[in-house]
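Just below is one structure, and these are the notes that go with it.
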Amino acid sequence: MVKTRSDALFHLVLLALAGWFLQQAWHLPANAAGGSLSPAFFPRAISSAIAILLLISLIRGLIAGTLLARETRDDAARVSAWVPVVAWGGVALLLVLYALLLEPLGYVISTALFLFLCVAMVSVLSRQPGDSIAAGRVLMLALFSAVVSVAIFLIFSVGFEIVLPTIGMMGV
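Sequential numbering of the sequence shown, starting at 1, is according to UniProt numbering.
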């Protein structure tokens with residue numbers, strides 16, 4: 001939902017990017033080399049979905065009357081300026097680590113590790129002072145990371161027959 005002018009600007013920039021991606025997707029070959037879906041199908045579908053969802057979000061912001069609202073910051077809710085920098089730097093570092101570990105550890109393990117560390121880092125950086133980290137939440141995050149990485153692996157390796165990096169006898 002669009003809350004302020006900066007949110008509206010951010011939505012418009014993302015909408016322009018989605019439009020550019022969609023335009024680029026139309027330049028991909030439309031014929032399939034033997035399969036039923038063309039190489040352009042997924043880029044077109046994803047770009048269209050992103051553009052539609054961004055338009056819905058902008059329209060909901062206009063209807064709610066919050067699109068042109070001024071920025072208001074409560075001192076208690078103010079986020080330190082270094083938190084976004086550390087978060088983006090951490091994500092960039094994790095992406096490099098993911099790329100380095102993908103071949104040696106295989107897709108499932110490296111993806112589960114990346115998801116776990118990325119969500120954990122953002123959660124730790126965004127928590128309020130005095131909040132504690134429960135062991136149950138850490139366990140749920142580990143389970144979520146494992147399930148998502150295995151599900152994506154199965155979708156691509158079994159469903160689309162795309163070979164992903166694996167290790168061991170079980171091909172994980």
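Glycine is no exception: its CB is placed at the ideal position from the N, C-alpha and C atoms. Quick caveat: nothing in here was measured; it's all calculated off a predicted structure.
Secondary structure note for isoleucine 52: its alpha helix (DSSP H) is the uninterrupted segment 41-64. DSSP places glycine 136 inside the alpha helix (DSSP H), whose first and last residues are 135-154.
Residue environment for alanine 8: buried (at least 16 other C-beta atoms within 10 angstroms of its C-beta). About 10 Å separates the CB atoms of cysteine 118 and leucine 93; that is not less than 8 Å, and the two are not in contact. Secondary structure note for leucine 28: it is in no alpha helix (DSSP H), with a DSSP letter that is neither H nor E.
In the DSSP assignment, phenylalanine 114 falls within the alpha helix (DSSP H) that extends over 107-126. Residues Leu15 of the same chain have their beta carbon placed closer than 8 Å to that of leucine 55, with the five preceding and five following residues left out of the count.
A residue is called buried once 16 or more other Cβ atoms fall within 10 Å of its Cβ, and phenylalanine 153 is buried on that count. Considering only Pro104, Ala142 and Glu103, the residue with the shortest C-alpha distance to alanine 120 is Ala142.
Setting aside the 5 residues that flank it on each side, leucine 101 is surrounded in the same chain by Ser110, each with a C-beta closer than 6 Å to its C-beta; the list follows chain order. DSSP, read as helix, strand or coil, puts aspartate 131 in coil. Scanning Ser145, Val138, Phe144 and Tyr107 for the CA closest to the CA of isoleucine 162 turns up Tyr107.
Between alanine 51 and leucine 22, the gap from beta carbon to beta carbon is short of 8 Å. Take valine 148, set aside five residues on each side of it, and the residues of its chain with a beta-carbon closer than 7 Å to its own are Leu115, in chain order.
Excluding sequence positions up to five before and after valine 122, its CB lies within less than 7 Å of the CB of Ala87, all in the same chain and listed in chain order.
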